[in-house]
Each structure stands twice: as C-alpha cells, then as structure tokens.
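Chemist:
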Amino acid sequence: ANMHGNEAAGREVLLHLIQFFATQYSNDKTVRWLLDNTRIHILPSLNPDGFEISVEGKCEIGRGRENARLEDLNRNFPDYFQNNTKPRQCETQAIQDWLTSNTFVLSASLHGGALVANYPYDNVMENTWDAAYRLLNMPEFSNKTSPWSHLPPADMVQPYPPSVSPDDDVFRHLATVYASTHPTMHLGQPCNNMDKGFQGGISNGAAWYPFTGGMQDYNYIFHGCMELTLEISCCKYPFAIELPKLWDDNREVYKQFSSYAQF
Numbered sequence: 001a002n003m004h005g006n007e008a009a010g011r012e013v014l015l016h017l018i019q020f021f022a023t024q025y026s027n028d029k030t031v032r033w034l035l036d037n038t039r040i041h042i043l044p045s046l047n048p049d050g051f052e053i054s055v056e057g058k059c060e061i062g063r064g065r066e067n068a069r070l071e072d073l074n075r076n077f078p079d080y081f082q083n084n085t086k087p088r089q090c091e092t093q094a095i096q097d098w099l100t101s102n103t104f105v106l107s108a109s110l111h112g113g114a115l116v117a118n119y120p121y122d123n124v125m126e127n128t129w130d131a132a133y134r135l136l137n138m139p140e141f142s143n144k145t146s147p148w149s150h151l152p153p154a155d156m157v158q159p160y161p162p163s164v165s166p167d168d169d170v171f172r173h174l175a176t177v178y179a180s181t182h183p184t185m186h187l188g189q190p191c192n193n194m195d196k197g198f199q200g201g202i203s204n205g206a207a208w209y210p211f212t213g214g215m216q217d218y219n220y221i222f223h224g225c226m227e228l229t230l231e232i233s234c235c236k237y238p239f240a241i242e243l244p245k246l247w248d249d250n251r252e253v254y255k256q257f258s259s260y261a262q263f
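As numbered in UniProt numbering, residues 1 to 263 make up the sequence shown, in order.
(1) Cβ of LEU228 within 7 angstroms of Cβ of LEU174?
(2) Hey, out of PRO87, SER163, ASN102 and ASN47, whose CA is closest to PHE211's CA?
(3) Pop quiz: ASN6 and GLY50 are said to be a contact at Cβ under 8 angstroms. What is the actual Cβ separation, rounded to whole angstroms?
(4) What is the residue span of the alpha helix (DSSP H) that LEU106 lies within?
(5) Measure from the alpha carbon of PHE222 to the alpha carbon of each residue in TRP98, HIS16 and ASP28, then state which is nearest.
(6) Counting only beta-carbon separations shorter than 7 angstroms, does CYS59 have a partner in chain C?
(7) In chain order, what residues of the same chain have a beta carbon less than 7 angstroms from the beta carbon of VAL124, not counting five sequence neighbours either side?
(8) Starting from THR100, follow the beta strand (DSSP E) in both directions and report where the run begins and ends.
(9) Does the stretch 190-205 come within contact of the stretch 70-88, defined as at least 3 CB pairs closer than 8 angstroms?
(10) Helix or strand or just coil, what does DSSP make of SER233?
(11) Who are the Cβ neighbours of SER54 in its own chain at under 7 angstroms, not counting the five residues just before and after it?
(12) Mapping DSSP to helix, strand and coil, what is ALA8?
(13) Give me the Cα-Cα distance between THR30 and GLY224, rounded to the nearest whole angstrom.
(14) If you run the structure through DSSP and keep just helix, strand and coil, what is MET125?
(15) By the DSSP assignment, the beta strand (DSSP E) with VAL164 in it spans what residues?
(16) Is ASP217 buried or exposed, if buried means 16 or more other CB atoms sit within 10 Å of its CB?
(17) Quick check on PRO120: buried or exposed, where buried means 16 or more other Cβ atoms within 10 Å of its Cβ?
(18) Could you tell me the alpha carbon to alpha carbon distance between THR145 and PRO161, rounded to whole angstroms?
(19) Should TRP33 go down as buried or exposed, given a rule of 16 or more other Cβ atoms within 10 Å for buried?
(20) Between the C-alpha atoms of ASP122 and LEU73, what's the straight-line distance to the nearest angstrom?
(21) Comparing C-alpha positions only, which one of TYR254, CYS234, TYR260 and PHE263 sits nearest to LEU15?
(22) Return the CA-CA distance between residue 266 and LEU70, expressed in angstroms with no decimal places.
(23) Got a sec? Which residues, its chain only, sit under 6 angstroms from ASN118 by beta carbon, not counting five neighbours each side?
(24) Measure the alpha-carbon distance for ASP168 versus TYR178 and round it to whole angstroms.
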C-alpha cells in the first residue's frame, strides 16, 4: 500500500490487518486457517518519503504522491505494452527483487481517491486506438480526421475500451468478490462529479484510464501474480477519526480475499 504517499488509507488499514492477524489467531478459525496454510506478505508503505510530506485530511490531489525523487512509482515499472523509459527507482527495484525472490499468486495494491476494485490490464498496445485518441487531443492534430474523430475528448467520465487479459473471467470474479463483500463499493457510486460510476464496483484498468508503468500489469505479466488495485476510500488521506470505520468496512473483505490464494 501507500505507493502514492498521499494515499494513506491503505497504509493504516494494513497496520490494522497485521494487528488483527496477530491478536485473533487463537479466536478466529478463519484467521488461524489462513495463517496456518498461507504465506502472507504485508507491505504497509512503499513510499514513506511521499507519506512524510502528505497532509492529513487532504482528500484530493496534493503533495506526496511521488517519491523523494518526484517520480510516480505506479508509472515506473517495466511495461509489456509500451517501452517505459523512466529511470527505475529504488522502491520499484525493491518490489521487482521481492517478486523474483518469492512466488506470489495473489496480491492487492491499496490506493485512495475512489471506491472500486480495479483489475488488469491497465495499459494497451501503442498501436491501438488509444494512441490515436491521445493524438487527437493534441492541438497540432485537432483538425485531422480519423476513425476516432467522433469520440469526445478524453476525460475521467467517458469510458475507454477495456484491455482484456487472458484471465479476465478470474479477475472479474476476484474484483466482484471484493466489491460485493464491501458494504458500499458494490454500489458503484462515483466519489465526485469528475469521475464515472463503476457497475458493480469493479472496473478494468484501461477502461477507467490507460497508463504505462503500473505495478498491477507488471506483477501479472512478468511474475504471474494475480493483482488487483483496490481503491478503498474516496478521501486519499482521511482524518484519523475516520480510520475505525474504514477498517470495519474492509476487515471481512481482506479475510475472504486472502483465502482465494488457496484456490
């Protein structure tokens, strides 16, 4: 969690999850079964430098998203679809080494700023309509015509087409399990009028907005790890008083989601 330092909700929820596992092993049969049969790794903060300068209560875009070198870690991974030329960061390399040293089958990256279970792919091939779509929004191409000229300008409300993986049915099921178990995510309601709603509380990554260098696609394509990106809070950095409810909303979901590593 916390690869965007200003998205602190996931960081705090994972700290609660560690405490929950440690204290409920003797009392909760599901927790005991999980810990006896599953190797679980928890990384509460991938970007502590960004978190350090973030502002509590800042729900929208603010400082701390990038690391100390002002690089967005979720745009920094090797990318199957497009060449990612951004300098590799030490945090990114640490994740790559971690995945090389361990065989993970299921993972989740926790973010904030929306309420949705997002699944691969996040990116598309450079020669697909997305490249032309972006060109059409550049001033020098504004008078050109193309097969996509009837489309509206790209924004967060209008949908992009999905980028479908070979395991799309499995990803959709995992995302649906999370969203439907969460008390409100399954409603699919947008957090603000700049975003779109998500049917059933789930979304293909590229259908929301495509980008290069994401960890979700990297984990899946390069290491065979089924990763979801879980946006768990409309507020990126909620006040401390809001954390108990945030934990309550996600506690049972994490238990159920973690068990799917065995299937």
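Backbone N, C-alpha and C define an ideal beta-carbon position, used for all residues, glycine too. All values reported here derive from a predicted model rather than from experimental measurement.
Modeler: Reading it off the structure:
(1) yes
(2) SER163
(3) 6 angstroms
(4) Per DSSP, LEU106 belongs to no alpha helix (DSSP H); it is in the beta strand (DSSP E), 106-111.
(5) TRP98
(6) Checking the listed chains, one finds no chain C in this structure; it contains a single protein chain.
(7) PHE81, ASP130, SER163, ALA206 and PRO210
(8) No beta strand (DSSP E) contains THR100, which is instead part of the alpha helix (DSSP H) from 90-101.
(9) no
(10) strand
(11) GLY5, ASN6, ALA8, GLY62, ARG63, GLY64 and TYR237
(12) coil
(13) 26 angstroms
(14) coil
(15) Counting along the chain, VAL164 falls outside any beta strand (DSSP E), and DSSP gives it neither H nor E.
(16) buried
(17) buried
(18) Low per-residue confidence applies at THR145: pLDDT is 39, beneath 50, and the placement is therefore not dependable, though the value from the model is reported in the following sentence. The alpha-carbon atoms of THR145 and PRO161 are separated by roughly 20 angstroms.
(19) exposed
(20) 15 angstroms
(21) TYR254
(22) The requested residue 266 is not part of the displayed model; the chain covers only 1 to 263.
(23) SER203, GLY205 and THR229
(24) 15 angstroms
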